[in-house]
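> Protein chains in written order, with the working numbering: chain A, 1 to 145; chain B, 1 to 512; chain C, 1 to 175; chain D, 1 to 112.
Could you have a look at this structure, given as structure tokens, before my questions?
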Amino acid sequence: MEGMSTIVKKITQLVAGLIFMYGIYIIMHGHISPGGGFAGGAIVAGAFILLILAFGSSALNLKKEVGGSSNTESVAILMVAVLALMALIFGAKVFLFNFLPKGTPGELLSAGVIPLYNLFIGIEVAGAILTIFLALVIFKEESSK
Amino acid sequence: MDALIPLFVAIPLISAFLIMLLSKVIKGFHRFFAPIALLCLLVMAIFEYANLGQSSIQYAVGGWSIENGYPIGIFMVLDGFSVIMLSIINLIGFIALIYSLSYIRKYTAEGNYYALFCLIIAGMNGVVLSGDLFNLFVFLEVSVIASYALVAFGVGKTELEASFKYQVLGGLASMLILLAIGLIYWKTKTLNIADVRSVMESGYSKPFYIFVQVLLISGFGLKAAIIPFHAWLPDAHSSAPSPISAMLSGVLIKAVGVYVLIRLFFNLFVFSHEIAVVITALGAISMLIGALVALMQWDLKRMLAYSSISQIGYVVMAFGMGMILIVRGDHLPVAALAIGGGLYHLVNHAVFKGLLFLNAGALEHRLDTRDLKKMGGLSSVMPITSSTSFMASMSISGIPPFNGFFSKLFIIIAAINGKFYLLAALAVGVSIVTLAYFLKFQRFAFFNKSSDPSLNHIKEVPFSMSFSMVFLALLCLALSLLAIPSVNEALLQPAIDVLMQSDLYSTTLLGL
Amino acid sequence: MELTISIILGFMIIGAIYALHAKDLLSAVVAMGFVGYGLVVCFLLLKAPDLAIVQIVVETITLVLMIAVVLDSTRDEITVKPDRRAFFQRIAGFIIFAGLLYFFVLAIANLDPLGEHSLRMSESYVNGAAEKTGSVNLVTGVLFDFRAFDTLGEAVILYTAALGVLTLLRMKGKK
Amino acid sequence: MTVYILCFVLFLVGLYGVLTRRNLIKIAISLSIMEFSIFLILVLIGYIENGIAPILDPGRADQVYVDPLPQAMVLTAIVIGLATTAMLMAIAIRLYRKYKTFDIREIRNLRG
């Protein structure tokens with residue numbers, strides 16, 4: 001899949017970083033402002049998709065990319081499952097219990113386990129959407145060959 | 001034991017993620033990790049079944065149980081009925097996984113197969129254990145989306161088209177279910193099944209009730225492939241790899257379709273006569289039409305798929321009769337017999353339909369064809385496959401020493417005592433038609449003199465496939481012990497009590 | 001409030017009907033995008049900012065996926081001349097849908113109208129939520145603490161979908 | 001009441017599309033349209049008159065908040081919709097590569 005015109009490439013260089021940072025902001029502020037793991041992860045995936053669309057997929061070795069994003073996705077959701085099972089050991093020994101201290105609401109480090117869940121689910125959603133997009137791009141390239 | 005219940009969902013999930021991570025790194029990691037995970041799930045299920053007895057366990061996930069009188073968290077409920085489903089899911093899942101150790105070698109991307117297999121098991125365990133409506137919908141989606149991918153695992157033309165039709169109708173059913181859940185939340189302001197029932201009991205408007213129940217019947221009827229909604233099943237089950245169609249036909253349409261239909265209509269809604277008659281009629285129609293269409297099929301797996309529709313019709317009809325008798329209020333022991341018969345046939349059908357699909361897979365593995373006309377005289381060449389499929393065919397068509405006979409007997413006796421003479425005659429007739437098309441299968445596949453000589457130097461299937469087939473065949477015999485009243489009392493009675501006194505489900509939770 | 005949402009819904013219905021009858025597939029996909037973004041505006045009006053963010057991003061990604069599929073395909077559709085039989089089918093379909101709509105109106109006749117929603121289960125999600133979960137955003141509190149099991153299932157669904165797409169789009173199925 | 005009726009009309013448009021369209025992409029589009037209408041019904045159920053968005057505002061003490069539970073349900077359902085659409089698109093592009101058409105009846109005849 002070849003890239004787009006230089007104007008689109010130039011704007012993407014400027015904008016992709018900002019979109020990525022905005023996605024991280026949405027993930028990490030999930031328990032204070034609207035947003036959270038799902039929204040932020042999708043925005044981060046949007047930043048990557050924008051880069052691939054603008055600069056074309058010939059630049060990167062797609063097979064390695066899709067393997068990488070599928071592995072990050074598996075690691076992230078494995079961490080979510082580990083956090084859920086850690087709740088069986090700490091706190092009230094119940095599955096998915098919020099065992100970290102809750103802190104003062106409104107602070108960045110405040111809602112116990114929730115920011116960690118937000119972070120890992122954000123990475124997982126970003127990895128999943130990226131895997132889906134890369135799988136589609138790989139299939140289109142290989143079947144047209 | 002309380003701490004085990006969330007593990008039923010956590011263990012298959014973690015094994016799926018580990019398989020995906022490590023199957024490329026460690027050669028053959030998935031071939032030894034997945035059976036271990038499913039074996040310990042099976043042991044946990046048997047352990048739960050052994051010491052549950054009459055009680056029922058409510059597990060408050062996340063530590064949020066009852067607050068000012070209303071259950072606010074998500075509850076995982078393990079009672080007599082769901083423990084039976086749990087054992088079937090993990091048993092047939094473990095056997096199908098052992099079978100696919102050697103069957104799946106001829107497909108690529110084995111790691112994905114085992115990960116998706118664990119995800120189906122996790123989804124079904126989540127559905128069977130959940131006591132919350134929306135949580136049930138989420139885990140239903142997990143198992144169904146994993147089964148979409150597995151139906152089209154060997155990405156051939158027919159598999160893709162079958163999977164597309166399955167996905168569209170599955171998505172349609174999920175939308176109907178989500179709409180019904182939204183309306184129930186709108187009326188009762190709560191999602192907990194027991195809490196919804198206590199709100200529903202305090203009065204409801206008739207049209208709302210009928211509308212939501214029709215939505216749920218069509219939504220879960222699509223998942224359980226009851227007649228008017230069965231269009232996807234023959235294509236999906238015949239083009240899927242055989243261990244997957246054994247899982248789909250044996251367990252998925254039961255755990256995700258019939259179980260939820262029964263749980264909602266017995267424990268969530270207050271009984272009403274019209275809906276009970278509608279369910280019985282749907283069961284009877286799908287029993288009849290499924291058997292008649294199966295008679296005309298020449299593709300082995302399509303014939304087995306249509307026979308699944310017909311046997312599911314038996315189960316739904318039995319539960320429908322139970323509901324009618326409970327609504328009428330007279331001779332409740334006959335209603336208990338009908339529900340017991342339905343449950344017993346549900347368990348039996350999971351075992352012998354799973355075995356039949358494994359046999360079809362063994363034939364396909366060696367002959368690369370599913371057409372009965374091209375087979376013949378295989379009994380001498382493939383002894384294990386032919387003997388196990390003979391036992392399975394005899395038990396599905398209800399020949400005495402096998403388990404099918406006793407469960408159909410219960411249903412027919414309940415029909416006669418409950419004065420449903422038409423249904424009793426229909427059940428007997430369909431049983432005869434079932435015997436007919438299974439004899440056709442036996443004759444053409446195993447005992448006919450085959451035309452082309454290449455058939456007689458075919459080897460028997462490898463050990464892992466024959467082991468699972470022999471295990472299920474022995475189980476067909478062992479399950480006929482369930483007909484003995486004392487054994488029946490211990491194993492099936494808790495489930496029958498849960499369904500008979502349907503308010504018992506909500507009082508135990510709210511009275512917590 | 002109800003009027004504005006009804007107007008937006010009217011446009012969405014028109015967009016949906018156009019999406020189904022569009023000659024060109026690409027314009028059908030764009031019409032679906034229009035309906036999706038109309039939904040974003042409704043969410044903002046109904047005081048659901050979380051959903052507006054998620055819907056706008058998910059809708060954009062769905063459009064990217066659909067256009068990636070549709071772009072290099074034959075975008076003209078095999079149009080069938082509507083003969084008499086199709087005309088009767090359309091009338092029958094219309095009658096059935098009118099009946100469904102009538103039963104729907106009957107079913108929701110005496111439920112709470114828009115705006116007068118009384119809380120029961122979610123009462124304890126709102127009162128004292130800051131102490132229980134520590135999260136100021138109530139929706140995240142419900143999603144990640146009160147009903148965290150749903151969100152675990154949700155992440156697994158997206159993981160299954162990614163795994164399914166990887167499985168479906170591999171080049172060779174059988175060895 | 002009119003809003004709910006319009007939502008159900010949108011649902012019926014989607015249902016009509018799923019049952020009658022022959023094009024794979026249009027079936028996927030009508031399935032998404034059905035999902036949109038159900039999301040809207042769920043959020044409309046949870047709306048409370050002059051309630052504010054469910055973000056706790058310590059400044060204003062007695063504040064009516066909109067019901068967060070339907071919003072959590074819809075957030076989950078939106079991502080389920082994305083998952084199902086991605087799977088449908090994967091199969092649609094694969095069928096297109098094999099049969100050079102998106103028409104489901106054409107595919108059935110070619111399958112033979």
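Heads up, the beta-carbon is just placed ideally off N, CA and C, and yes, glycines get one too.
Just so it is clear, the structure is predicted and the values come from calculations on it, not from any experiment.
On a CA-only basis, which of Pro-105(A), Phe-133(A), Glu-142(A) is nearest Thr-60(C)? Give me that one, please.
Walking along the third sequence from the start, residue 60(C) turns up at place 60. It is Phe-133(A) whose Cα lies nearest to the Cα of Thr-60(C).
> Can you list, in chain order, the residues of its chain with a C-beta nearer than 8 Å to that of Ile-114(A)? Leave out the 5 residues immediately preceding and following it.
The residue labelled residue 114(A) in the question sits at position 114 within the first sequence. So the qualifying residues of the chain are Gly-30, His-31, Asn-98.
> Taking only beta-carbon positions, decide if Asn-135(B) is within less than 8 Å of chain C.
As a first step, residue 135(B) is located in the second sequence; it is residue number 135 there, counting from the start. Yes, Asn-135(B) counts as interfacial toward chain C.
> Once the 5 residues before and after Pro-234(B) are set aside, which same chain residues still bring their CB inside 7 Å of it?
Working through the second sequence from its first residue, we reach residue 234(B) at position 234. Closer than 7 Å at Cβ, skipping near neighbours: Arg-302, Ala-305, Tyr-306.
> Check the Cβ of Pro-207(B) against every Cβ in chain C and list those closer than 8 Å, keeping chain order.
Residue numbering aside, residue 207(B) sits at position 207 when the second sequence is read from its first letter. Neighbours of Pro-207(B) on chain C, chain order: Phe-103, Leu-106, Ala-107, Ala-109.
> Where does Ile-89(A) land, buried or exposed, given buried means 16+ other C-beta within 10 angstroms?
The count along the first sequence starts at 1 and reaches residue 89(A) at position 89. It counts as exposed.
> Run through the segment 176-226 of chain B for me and flag every whole beta strand (DSSP E) of 3 or more residues, listed as ranges in chain order.
You should have found no qualifying run.
> Please determine if the segment 115-123 of chain C and the segment 179-197 of chain B are in contact, where contact requires at least 3 C-beta pairs separated by less than 8 Å.
They touch, by the three-pair rule.
> Run down chain A in chain order and give the residues with a C-beta less than 8 Å from the C-beta of Val-61(B).
Taking the first residue of the second sequence as 1, we reach residue 61(B) at position 61. The answer, in chain order, is Val-94, Phe-95, Leu-96.
> Which whole runs of the alpha helix (DSSP H) in the segment 113-146 of chain C are 4 residues long or more, in chain order?
Segments of the alpha helix (DSSP H) lying fully in the segment 113-146 of chain C: 123-126, 129-133, 138-141.
> If we cut at 8 Å on Cβ distances, does Met-1(C) have a partner in chain B?
Taking the first residue of the third sequence as 1, we reach residue 1(C) at position 1. No, its Cβ sits nowhere closer than 8 Å to a Cβ of chain B.
> Looking only at DSSP bridge pairs, what is Lys-174(C) linked to?
Here residue 174(C) refers to the residue found at position 174 of the third sequence. According to DSSP, Lys-174(C) bridges with Tyr-107(B).
> Classify Ser-69(A): buried if its beta carbon has 16 or more other beta carbons within 10 angstroms, exposed otherwise.
Residue mapping note: residue 69(A) aligns to position 69 of the first sequence, counting from 1. Answer is buried; the Cβ neighbour count reaches 16.
> Give every residue of the same chain whose Cβ lies closer than 7 Å to the Cβ of Phe-438(B), excluding the five residues on either side of it in the sequence, and list them in chain order.
Translated into the one-based positions of the second sequence, residue 438(B) becomes position 438. Only Ser-393, Ile-396, Ser-397 meet the Cβ criterion.
> If you pair each beta-carbon of the segment 140-160 of chain B with each one of the segment 112-132 of chain B, do three or more pairs fall below 8 Å?
Flag = yes, the segment 140-160 of chain B and the segment 112-132 of chain B touch.
> Beta-carbon of Arg-108(D) versus every beta-carbon of chain C: anything under 8 Å?
For the purposes of this step, residue 108(D) is taken as residue 108 along the fourth sequence, with counting starting at 1. So, not an interface residue.
> In this structure, how does DSSP classify Glu-106(D) when only helix, strand and coil are distinguished?
Stepping through the fourth sequence from its first residue, residue 106(D) is reached at position 106. DSSP places Glu-106(D) in helix when its eight states are reduced to three.
> Write down every uninterrupted run of the alpha helix (DSSP H) in the segment 104-135 of chain A whose length is 4 residues or greater and which is fully enclosed by it, in chain order.
Fully enclosed alpha helix (DSSP H) runs of 4 or longer: not present.
> Please list, in chain order, the chain A residues whose beta carbon lies closer than 9 Å to that of Ala-10(B).
Working through the second sequence from its first residue, we reach residue 10(B) at position 10. Result: Ala-81, Ala-84, Leu-85, Leu-88, Phe-95.
> Entirely within the segment 60-94 of chain D and at least 4 residues each: give me those alpha helix (DSSP H) ranges in chain order.
Correct list: empty.
> Is it true that the segment 320-335 of chain B meets the segment 490-506 of chain B, where meeting means three or more beta-carbon pairs spaced less than 8 Å apart?
Contact holds: three or more Cβ-Cβ distances are below 8 Å.
> Any idea which residues DSSP pairs Val-61(B) with across the strands?
Counting from 1 along the second sequence, the entry for residue 61(B) is found at position 61. Looking at the DSSP assignment, Val-61(B) forms a beta bridge with Ile-74(B).
> Use the C-beta contact count for Arg-94(D): other C-beta atoms within 10 angstroms, 16 or more gives buried, fewer gives exposed.
Along the fourth sequence, read from residue 1 onward, the residue named residue 94(D) stands at position 94. Buried, because 16 or more other Cβ atoms sit within 10 Å of the Cβ of Arg-94(D).
> Using a C-beta to C-beta distance shorter than 8 Å, which residues of chain D count as neighbours of Leu-136(A)?
Taking the first residue of the first sequence as position 1, residue 136(A) is located at position 136. Simply Met-89, Ala-90, Ile-93.
> Starting from Asp-50(C), trace the alpha helix (DSSP H) in both directions and tell me its first and last residue.
Residue mapping note: residue 50(C) aligns to position 50 of the third sequence, counting from 1. Unbroken alpha helix (DSSP H) run through Asp-50(C): 49-70.
> What alpha helix (DSSP H) runs, 4 residues minimum, are completely inside the segment 393-451 of chain B?
The qualifying runs are 403-417, 421-442.
> Indicate the three-state DSSP secondary structure (helix, strand or coil) for Asn-68(B) in the structure shown.
For the purposes of this step, residue 68(B) is taken as the residue at position 68 of the second sequence. It is coil, neither helix nor strand.
> Taking its Cβ as the centre, do 16 or more other Cβ atoms sit within 10 Å of Ser-55(B), making it buried, or is it exposed?
Position 55 of the second sequence, counted from the start, is the residue given in the question as residue 55(B). Per the 10 Å Cβ criterion, exposed.
> Please report whether the beta-carbon of Ile-14(B) lies at a distance below 8 Å from any beta-carbon of chain C.
Taking the second sequence and counting its residues from 1, one reaches residue 14(B) at position 14. Judged by the 8 Å Cβ criterion, Ile-14(B) is not in contact with chain C.
> Please tell me whether Gly-36(C) and Met-87(D) are closer than 8 Å, where the distance is taken between their beta carbons.
Position 36 of the third sequence, counted from the first residue, corresponds to residue 36(C). Position 87 of the fourth sequence, counted from the first residue, corresponds to residue 87(D). Cβ atoms of Gly-36(C) and Met-87(D): not closer than 8 Å.
> Taking His-331(B) as part of the alpha helix (DSSP H), name the residues at either end of that continuous run.
Taking the first residue of the second sequence as 1, we reach residue 331(B) at position 331. Premise fails: His-331(B) is in no alpha helix (DSSP H) and is neither H nor E.
> Comparing C-alpha positions only, which one of Arg-105(D), Gly-51(D), Pro-68(D) sits nearest to Arg-60(D)?
Translated into positions along the fourth sequence, residue 60(D) becomes position 60. Looking at the Cα atoms, Gly-51(D) is the closest of the given residues.
> Which bits of chain D does Pro-115(A) rub up against, with CB to CB less than 8 Å?
Numbered from 1 along the first sequence, position 115 holds the residue referred to as residue 115(A). Those do not exist, as Pro-115(A) stays about 16 Å from chain D at its closest Cβ, beyond 8 Å.
> Give the residues of chain D in contact with Phe-97(C), contact being defined as C-beta atoms less than 8 Å apart.
Within the third sequence, the letter at position 97 stands for residue 97(C). By Cβ distance, chain D contributes Leu-12, Leu-15, Tyr-16.
> Out of Ala-495(B), Phe-208(B), Ile-98(B), state which residue places its alpha-carbon closest to the alpha-carbon of Ser-464(B).
For this step, residue 464(B) is matched to residue 464 along the second sequence. Among Ala-495(B), Phe-208(B), Ile-98(B), the Cα nearest to that of Ser-464(B) is on Ile-98(B).
> Using C-beta distances below 7 Å, list every residue in its chain close to Ser-218(B), excluding the 5 sequence neighbours before and after it, in chain order.
Numbered from 1 along the second sequence, position 218 holds the residue referred to as residue 218(B). Same-chain partners within the cutoff: Leu-176, Phe-229.
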